[in-house]
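*Asks:* One structure coming up, written as structure tokens, with questions to follow.
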Amino acid sequence: MRLSRQQRELSSRFDLTEVLDMTAVWINRAICDAERRNALYRGEIFVYEGLQSVERFACFARRIIEDAFAPRDPERIHEALDPWQLAAALGKLKPAFTHHPESWRLMTEVLAELDCDLNDIHCDVPKLRTAYPVGHLTKGIAYAFPPHRDMWYAAPRAQINWWLPLYPLDPNNAMAFYPQYFDKPVANDSAAFNYYRRNADRRHTDKFVMEDPRPQPSASALREDEPEIRLLPNVGGLILFSGSQLHRTVPNTSNRSRYSIDFRTVSRADILEDRGAPACDVYCTGTAVRDFRRATNRETMPEELARRLDPIGPSEGEVLVFQPQMSREIP
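Here it is as structure tokens:
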């Protein structure tokens, strides 16, 4: 990756040693992808600013969102629609974004700008995320996640999360990280989560408005005053972190709706070599690895690798891989 002059001037590393027991957050770090993945597996976090591919991806997503809610302001849409109306609108908007062919193409451009090997890297589909102010839609399709690891949702140890905002962030509508627990066990209820059962329930996500009865793994004993960090990249920036990082959706008290994109990647080579972040407190069943497809041609991960991660597979009534109902309708 070639950095601009402004990016080079910003490039730095923050060591949060006083509070967070030596956690490094890299800003615009020029590094090869293999070294970056190894650092992410150690619990380090990377933030990049001013990436042209990310700006293009964000612009495309904003256009879809703004067309869907026109003439209303998407950041104020919670003031115009009640939770049921908003859930119904998102039930059309989010799949339309995820399965638009431009979304996959723009995602792979982000990977290429950060020097990823697109033959090795496998991706899940990019997802549009929303965080509405407290008191509005925070369940189901706009779920506000409590502290959790993606590994508690059956993510592979080699999973890397890519997260990018679509509108300017506020500390009160962002994500919070607890990197002090990256490799330390945390009490949680992930034993109740089965990935294949979740796949069977996913078609009904937009129906959960006031309550969501599905298992949602979370930390069960964190103090309310637990130290946390909130990273606030500009639009055109992104955060990279391991699926083992403990993080949450910050309760949105900003009175503005937050929109972001996230997608996940795994290195096929790292899966083969059993490289990845520590899994010190993971009790869920199943694996999400079959959701990942090669960045270049969308080839699926070999079944023998999936069986290596989960030799048992689904039970009757469970679903190995979620198959969405394709719809291009924009609300």
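Per our numbering, the very first residue in the sequence shown carries number 9; after that it's consecutive. A virtual CB, placed ideally from N, CA and C, is assigned to each residue, including glycine.
(1) Helix, strand or coil for I247? Go by DSSP, reduced to three states.
(2) For the ligand NAD, is there a heavy atom less than 7 angstroms away from the beta-carbon of I237?
(3) By DSSP's criteria, C131 is part of a beta bridge. Which residues make up the other side?
(4) On the three-pair Cβ rule with 8 angstroms, is the stretch 299-306 touching the stretch 215-223?
(5) Can you list, in chain order, the stretches of the beta strand (DSSP E) that have 3 or more residues and sit fully within the stretch 61-141?
(6) Distance, Cα to Cα, T308 vs R205?
(7) Just verifying my parser: in three-state terms, what is the DSSP assignment at L48?
(8) Among all the DSSP beta bridges, which residues are the ones paired with A227?
(9) Is P225 near F190, with beta carbons less than 8 angstroms apart?
(10) Would you mind sorting I320 into buried or exposed? The rule is 16 or more other CB atoms within 10 Å of its CB.
(11) By the 10 Å Cβ neighbour count, where 16 or more other Cβ atoms means buried, how is L239 classified, buried or exposed?
(12) Taking the continuous alpha helix (DSSP H) assigned at L317, which residues delimit it?
(13) Give every residue of the same chain whose Cβ lies closer than 8 angstroms to the Cβ of L328, excluding the five residues on either side of it in the sequence, and list them in chain order.
(14) Let's test the definition: count the other Cβ atoms within 10 Å of the Cβ of A229 and tell me whether it reaches 16, buried, or not, exposed.
(15) Look at the alpha carbon of Y267 and the alpha carbon of I247, and state the distance between them as a whole number of angstroms.
*Replies:* A quick look at the data gives this:
(1) strand
(2) With respect to the ligand NAD, the structure shown offers nothing to examine, as it has no ligands at all.
(3) T273, R301
(4) no
(5) 129-131, 135-139
(6) 21 angstroms
(7) helix
(8) N196
(9) no
(10) exposed
(11) buried
(12) 311-317
(13) Y204, N207, R298, G321, P322
(14) exposed
(15) 14 angstroms
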